[in-house]
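Some notes on the structure that comes next.
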Amino acid sequence: MTSSADATVQRFFSYVVKGPELTSCWLWVGAIGDDGYGRFWVKEPGDKQRVYRAHRWALEHAQPVERPQQFHALHRCDNPLCVRATSGEDSHLYWGTKSQNMMDRSARGRSNFQLLGKPDPEARGKRVKAAQALRDYTKAHGYEQVKVDELMKNVLPDQGTLF
């Protein structure tokens with residue numbers, strides 16, 4: 001790894017708070033997009049920058065694949081701020097197809113079509129607010145599983161704890 005790549009990895013992990021348990025999420029405490037997922041900017045050749053979803057960058061770094069643009073970075077833990085990507089079975093992230101992603105989000109009640117298949121325009125906003133609240137709390141107080149559960153369970157009214 002080049003020193004530039006090392007610096008990028010180091011910068012990425014400066015925005016990560018790892019939970020205390022072997023199964024805990026690693027929470028992104030950097031920028032969050034309007035979809036509730038973390039954002040990470042990476043310098044590219046020619047003084048350009050590329051913005052990644054933080055969980056996707058983490059998975060590309062931990063589990064490189066050919067043609068990563070054909071795959072989606074999926075969450076086992078269902079926490080949009082989790083960036084726990086490893087090469088082992090403890091990874092909370094895994095590669096999947098668009099179809100797998102759609103089936104997974106529907107099965108977990110994370111679609112914007114919640115109420116009898118009708119659009120729920122507030123669902124996305126709830127996810128964003130929950131992600132921002134979790135990020136802000138974790139930055140200020142550190143990782144607390146009880147608080148993680150509390151903040152994430154209210155993402156959708158009929159949804160239980162996400163992990």
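Numbered as in the numbering used here, the sequence shown ends at 163 without a single skipped number. The beta carbon of each residue, even a glycine, is placed where N, CA and C say it ideally should be. These numbers come from a predicted model, not from an experiment.
DSSP state of residue i mapped onto helix, strand, coil
{"i": "L74", "result": "strand"}
{"i": "G38", "result": "strand"}
{"i": "G96", "result": "strand"}
{"i": "Q49", "result": "strand"}
{"i": "L116", "result": "The predicted position of L116 is uncertain, since its pLDDT is 46 and thus under 50; a value taken from the coordinates is nonetheless stated next. Three-state result, L116: coil."}
{"i": "L27", "result": "strand"}
{"i": "G19", "result": "coil"}
{"i": "E150", "result": "helix"}
{"i": "E44", "result": "strand"}
Close Cβ partners of residue i (< 6 Å) along its chain, the five nearest in sequence each way excluded
{"i": "L59", "result": "A73, A85, L93"}
{"i": "A31", "result": "R39"}
{"i": "V17", "result": "L27, V29, T138, Y143"}
Buried versus exposed, by CB contacts within 10 Å (16 or more), residue i
{"i": "R67", "result": "exposed"}
{"i": "M102", "result": "exposed"}
{"i": "L22", "result": "exposed"}
{"i": "H207", "result": "This structure leaves residue 207 out entirely; the chain is present only between 1 and 163."}
{"i": "G88", "result": "exposed"}
{"i": "R50", "result": "exposed"}
Closer than 9 Å to chain B by CB, residue i
{"i": "W57", "result": "Within the model displayed, chain B is absent; a lone protein chain is all it includes."}
Close-in-space but distant-in-sequence residues of the same chain around residue i (CB under 8 Å, 5 per side omitted)
{"i": "K98", "result": "H72"}
- Taking 8 Å as the threshold, find out whether the stretch 71–89 comes into contact with the stretch 126–134 through three or more Cβ pairs. Yes, the stretch 71–89 touches the stretch 126–134.
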